[in-house]
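If you're matching them up, the sequences are chains A and B in order.
In terms of the numbering used here, the first sequence has 243 at position 239, counting the first letter as 1, and numbering is strictly consecutive.
In terms of the numbering used here, the second sequence has 160 at position 156, counting the first letter as 1, and numbering is strictly consecutive.
The C-beta atom is built at its ideal place from N, Cα and C for all residues, glycine as well.
Since the model is a prediction, treat every value here as computed from it, not as a measurement.
Protein chains: 2
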Amino acid sequence: MIQFYAPDITTTLTLPESDSQHCIRVLRMQCGDVIGVVDGKGHRFSCRIVEPHAKHTVVEIIDTLEISPVWSNDITIAIAPTKNIDRMEWCVEKLVEIGVNRIVPLRCQHSERKEIKFERLEKIAVAAMKQSLKATLPRIDEMMPISLFLEECATLKNVQKFVGYCDSTMPRRLLAKEYSAGSDVVVLIGPEGDFSHEEIKAAINAGFIAITLGDNRLRTETAAIVACDTCHIINQANS
Amino acid sequence: MIQFYAPDITTTLTLPESDSQHCIRVLRMQCGDVIGVVDGKGHRFSCRIVEPHAKHTVVEIIDTLEISPVWSNDITIAIAPTKNIDRMEWCVEKLVEIGVNRIVPLRCQHSERKEIKFERLEKIAVAAMKQSLKATLPRIDEMMPISLFLEECATLKNVQKFVGYCDSTMPRRLLAKEYSAGSDVVVLIGPEGDFSHEEIKAAINAGFIAITLGDNRLRTETAAIVACDTCHIINQANS
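The structure is reproduced here in structure tokens:
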């Protein structure tokens, strides 16, 4: 099953250029063919091709399905993007596959990467959403300083807030034990050089709990995936 | 901290060519410098450089540490390598980081990739072991037909055996619920086209339990990482 992505399908009844091209040029779909289209907002549409066109294929909607995520809680992963952009892109793909609601790229004191192409990450998220047959596109923020995100989180209610920290001289709890099944959660994952002491202090002041993902040393992108997966596994184990 | 890899260090007291080059040419280490060396068999040595050489650096061992894995059970992931070799290489790197004892590349009926370069996978596993500060190199098998691996597994005692299966028309259990903390485990992960019905039947006859990793559709390499991670997280949650 192939899913196409058209965020504004209900108003435009048209596939965007990239999806039109894939549909008509690559897959050679024709007038009358029925395709699956998601809007990234939780809907999957059965659409019949009315005007095949390599740039703006027009369709009619013949059926609409509400597709909610297969997990019920809200999972936010805030991560300092890796120096090697391939690792960050792989991370976004896997987070979307495994299931995440929001990804926040953080700019930290020890970040080796201070900028990131938002459009590129969103493109990868869209591809992963289509491939993993989801209908909801996770929210991806523009890169922001950790201080700004901590401000936003300070007022959060009924959300578990964790910050991954590598410094074993500091008391840390095990995420797999601290996370309560079903609860909304925010996890901060630091850069290759880890969070600075000031950043950890600020996070704890904002109500975050310092956690470890186990005694394994994980790369930044692996830590983000393991953190996200931990919440899903604990939810499944308690389902 | 940088780890060098020399599987036969205790007998040769020499770093292999690649590690000698990295040590002398790249890091410009000199006579008398002390380096960390692992043998992939659970030992980390402190070694003093005696004869710096870009191809065969001679060292003396001044200290030996036994480093056992941070998890106590035995985790084997048998996976049909992906068509795109990059995805399989990512998978091996992440499995080693997260913690695996053995990786078995499987040749299945629906495999799009029938061959794999064993040396390449081992090279990636070595790099991941060094980077994640482990001292034990997981065993990586040559690619084998699934029938052969099932034969080997049929006689296994006190090991949980699971086979990931995508076909939702078949009764499957949730790995996060079925895996018993601390037990040795083998998980089979199929190719992009999934296992064939005959392969699933054969696996079940060999004592495997059909499992799902949740309602998310995961790529082959993601499924392998999630399966391995599930065992670690269930172990941590029950530690």
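- In the displayed model, residue 117 of chain A falls within coil according to three-state DSSP, outside both helix and strand.
- DSSP lists A/7, A/50 as the beta-bridge partner residues of residue 40 of chain A.
- A distance below 8 Å between beta-carbons, with the five flanking residues on each side excluded, links residue 137 of chain B to the following residues of its chain, in chain order: 5, 7.
- Taking C-beta separations shorter than 6 Å and ignoring five residues to either side along the sequence, the partners of residue 188 of chain A in its chain run 77, 78, 163, following chain order.
- For residue 103 of chain B, the nearest beta carbon of chain A is closer than 7 Å to its own beta carbon.
- Contacts with chain B at 7 Å (Cβ-Cβ) include residue 240 of chain A.
- Counting every other CB atom within 10 Å of its CB across the protein chains shown gives residue 93 of chain B a total of 16 or more, marking it as buried.
- Two segments are said to touch when three or more pairs of C-beta atoms, one from each, lie closer than 8 Å; by this definition the region 129-136 of chain B touches the region 88-104 of chain B.
- Residue state for residue 16 of chain A is assigned as helix, using DSSP reduced to three classes.
- Note: residue 45 of chain B is bridge-paired with B/140 in the DSSP secondary-structure output.
- The bridge partners DSSP lists for residue 165 of chain A are A/190.
- A Cβ of chain B is located within less than 7 Å of the beta carbon of residue 237 of chain A.
- The continuous stretches of beta strand (DSSP E) do not include residue 28 of chain B, and DSSP gives it neither H nor E.
- Beta-bridge analysis with DSSP links residue 82 of chain B to B/108, B/192.
- For residue 37 of chain B, the closest of B/21, B/54, B/75, B/46 by C-alpha to C-alpha distance is B/54.
- With fewer than 16 neighbouring CB atoms inside 10 Å of its own CB, residue 90 of chain B falls in the exposed class.
- Residues of chain A whose Cβ lies closer than 7 Å to the Cβ of residue 137 of chain B are, in chain order, 221.
- Distances from the alpha-carbon of residue 124 of chain B to those of B/156, B/85, B/159 put B/85 closest.
- Residue 9 of chain A and residue 75 of chain B have their C-alpha atoms roughly 42 Å apart.
- For residue 68 of chain A, the enclosing beta strand (DSSP E) stretches over residues 62-70.
- Bridge partners of residue 149 of chain A according to DSSP: A/111.
- Contact check between the region 225-239 of chain B and the region 141-156 of chain A: fewer than three CB pairs, one atom from each, fall below 8 Å, which does not count as touching.
- With the criterion set as a beta carbon lying under 7 Å from some beta carbon of chain A, the members of the region 74-106 of chain B are 74, 94, 98, 101, 102, 103, in sequence order.
- For the C-beta of residue 226 of chain A, the chain B residues within less than 8 Å are, from N- to C-terminus, 98, 101, 102.
- If you ignore the 5 residues before and after residue 118 of chain A, its C-beta comes within less than 7 Å of the C-beta of 111, all in its own chain and listed in chain order.
- Chain B places no beta carbon closer than 7 Å to that of residue 129 of chain A, leaving this residue out of the contacts.
- By the Cβ criterion, the region 176-183 of chain A is in contact with the region 206-223 of chain A, since at least three pairs of Cβ atoms, one from each stretch, lie closer than 8 Å.
- With respect to residue 210 of chain A, residue 152 of chain A sits apart: the two C-beta atoms are not nearer than 7 Å.
- Around residue 230 of chain B, the beta-carbon contacts reaching into chain A at under 7 Å are 102, 233.
- Note on geometry: alpha-carbon atoms of residue 127 of chain A and residue 222 of chain A lie some 26 Å from one another.
- The closest CA to that of residue 70 of chain B, considering only B/87, B/49, B/80, is found on B/49.
- Considering only beta carbons, the part of the region 148-182 of chain A lying closer than 7 Å to chain B consists of 178, 180, 181, in chain order.
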